[in-house]
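Right, one structure below, let's go through it.
Next up, the structure:
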């Protein structure tokens with residue numbers, strides 16, 4: 016039962032975590048790209 020609740024929680028909140036990670040990695044990528052351009 017707890018496992019099922021965990022899966023439902025992940026499905027509901029997974030997109031938020033994914034978006035946050037995507038933004039985080041995009042920021043790192045931009046920083047590295049700007050360092051290489053200089």
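Residue numbers (our numbering): 16 to 53.
Yeah, the Cβ is synthetic: ideal placement off N, Cα and C, and Gly gets one too.
It should be emphasised that the depicted structure is a prediction, and the values quoted were computed from it without experimental measurement.
Specify the secondary structure class of residue i as computed by DSSP and reduced to three states.
i          : result
residue 50 : helix
residue 16 : coil
Quick check: the Cα distance between residue i and residue j, rounded to an integer number of angstroms?
i          : j          : result
residue 24 : residue 53 : 44 angstroms
residue 51 : residue 21 : 42 angstroms
residue 42 : residue 30 : 18 angstroms
residue 46 : residue 39 : 11 angstroms
residue 16 : residue 28 : 18 angstroms
Spatial neighbours of residue i within its chain, please: CB distance less than 8 angstroms, with the 5 preceding and 5 following residues excluded, ordered by chain position.
i          : result
residue 48 : none
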